[in-house]
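Inspection log for the structure reproduced underneath, given as structure tokens.
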Ligand code: NDP
Ligand code: 2IT
């Protein structure tokens, strides 16, 4: 049995009930087989892949908090510090009832290679809790965030581990967590990114993931003599990533016609009204049912359905495994040309295979949504030098980084005889840097 398959079998046996983690590991390890195979014995002797798939540290802790009626609740908090070969652990915090150790491990594992692709010195980590922020008051969110940080602060730091936002964690939550960290440590440090602009946050971090997704999509289409201009675009999600993907798509001359949340989706034939979407989601924190009040020409539908809308480009920006084989078939039937992942692992392996077989250009999450974490690393740089860059300075760097990632994954795919296979290209290019650093640092 090949070394890669041996390690895959062990991961599945040793990490039961963690299907998302298995899914992420299987994809990456299969992709890097051509890198490992020529020197398989050497890597096996050094247990390189066993070290890669085992987090350096995983922290699980109790988070008690008090609701507005004085009732005490207990949630579980996690931080998985996966790999620090190329820099301090870096990655978001997710607050969603579906969070468990397997979800955080899949996200932390993906983060290693994504962060490597940015070209910046950041290792991979992820955290979160099964706390459900929906319907909670600001005070309840604050109580949760403070109690979460009152344990997490022991394990993080500007040079060790720097968390940020993810599903359910935006500027409000990062603010509460930062305040608690500062109080407990008596230290004003760049220990979280996505901070408010008044206390060390970076301009363009809020926009970065969605903007970056469009920059790399544009780069890929330009490379093929095409562009976002004039394209009909289908987007899922209505959170941070989706909103700024829609905004940048419009700035590039595309027409995004859908968005969705966990209860339903919107079709707006005239193109999504970003100002309305921001007001509904960022200000009112309301459901998408509100959207039709702003746009009488649009339609609201309960349940899922965005992938059945005819489009040229599809951008899944909600959550993992939200786009399956049947969705991929519907998209291909309707003539989709390109799919770029704003969310982490939103397409199932079967959907990705179907896109590839049908000549759809597919940009995987770890390349396509790397703009968020890349800009977090730029926030860390600004915190270190105690300076603040303008919006345009940060945005220019983000655009450059996304273009660079595209060229890197395209080149890696070509080098290994898989031209246009950006899944292989991203996994290989991301892995090679981490592998080189791990080998240079010895068996640790
Ligand atoms: P938000 O919490 O801002 O938004 C998430 C959106 O997705 C909401 O519209 C939400 O609907 C929907 N959603 C979440 N979970 C589900 C679910 N299980 N089923 C259906 N809809 C769901 O999160 P982000 O926009 O920050 O994150 C979206 C994705 O992008 C995630 O996969 C995240 O890991 C990834 N990502 C985020 C980055 C960032 O910088 N924020 C960077 C890179 C990747 P509802 O509100 O109804 O729950
Ligand atoms: O998945 C991700 O890359 C994020 N949620 C952003 C992480 C970060 O540290 O900015």
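Numbering (our numbering), first residue to last: 4 to 447.
The beta-carbon is built from N, C-alpha and C at its ideal position, and this holds for glycine as well.
Buried or exposed: residue i, going by 16 or more other Cβ atoms within 10 Å of its Cβ?
i, result
"residue 336", "exposed"
"residue 191", "exposed"
"residue 433", "buried"
"residue 271", "buried"
"residue 146", "buried"
"residue 109", "buried"
"residue 198", "buried"
"residue 249", "buried"
"residue 12", "exposed"
"residue 227", "exposed"
"residue 134", "buried"
"residue 323", "buried"
How long is the line joining the alpha carbons of residue i and residue j, rounded to whole angstroms?
i, j, result
"residue 276", "residue 257", "13 angstroms"
"residue 401", "residue 392", "13 angstroms"
"residue 245", "residue 419", "33 angstroms"
"residue 327", "residue 195", "34 angstroms"
"residue 74", "residue 181", "25 angstroms"
"residue 127", "residue 115", "4 angstroms"
"residue 355", "residue 331", "8 angstroms"
"residue 386", "residue 148", "22 angstroms"
"residue 260", "residue 338", "16 angstroms"
"residue 37", "residue 211", "33 angstroms"
"residue 99", "residue 230", "36 angstroms"
"residue 31", "residue 72", "47 angstroms"
"residue 33", "residue 414", "18 angstroms"
"residue 172", "residue 390", "25 angstroms"
"residue 238", "residue 269", "10 angstroms"
"residue 318", "residue 427", "20 angstroms"
"residue 95", "residue 137", "19 angstroms"
Please state whether DSSP places residue i in a helix, a strand or coil.
i, result
"residue 283", "helix"
"residue 188", "helix"
"residue 22", "helix"
"residue 346", "coil"
"residue 153", "helix"
"residue 241", "coil"
"residue 341", "strand"
"residue 50", "coil"
"residue 385", "helix"
"residue 304", "strand"
"residue 208", "helix"
"residue 255", "coil"
"residue 310", "helix"
"residue 67", "strand"
Can you list, in chain order, the residues of its chain whose CB lies under 7 angstroms from that of residue i, leaving out five sequence neighbours each side?
i, result
"residue 106", "23"
"residue 188", "156"
"residue 6", "39, 43, 46, 47, 52"
"residue 290", "264, 266"
"residue 123", "377, 380"
"residue 70", "76, 143"
"residue 456", "This structure leaves residue 456 out entirely; the chain is present only between 4 and 447."
Under 6 angstroms Cβ to Cβ from residue i, same chain only, skipping five residues before and after it: list those, please.
i, result
"residue 62", "82, 158"
"residue 184", "152, 156, 194"
"residue 60", "84"
"residue 154", "64"
Once the 5 residues before and after residue i are set aside, which same chain residues still bring their CB inside 8 angstroms of it?
i, result
"residue 437", "55, 86, 88, 89, 115, 116, 119"
"residue 251", "210, 213, 214, 216, 217, 218"
"residue 315", "234, 235, 236, 338, 339, 340, 341"
"residue 141", "175"
"residue 161", "91, 192, 193, 194, 383, 386, 387"
**Asked** Should the segment 216–235 be regarded as contacting the segment 294–308, the criterion being three or more beta carbon pairs within less than 8 angstroms?
**Response** no
**Message:** Using a Cβ distance threshold of 8 angstroms, determine whether the segment 304–321 contacts the segment 279–286, with at least three qualifying pairs required.
**Reply:** no
**Prompt:** Pairing CB atoms from the segment 344–353 with CB atoms from the segment 405–421, are three or more of them under 8 angstroms?
**Reply:** no
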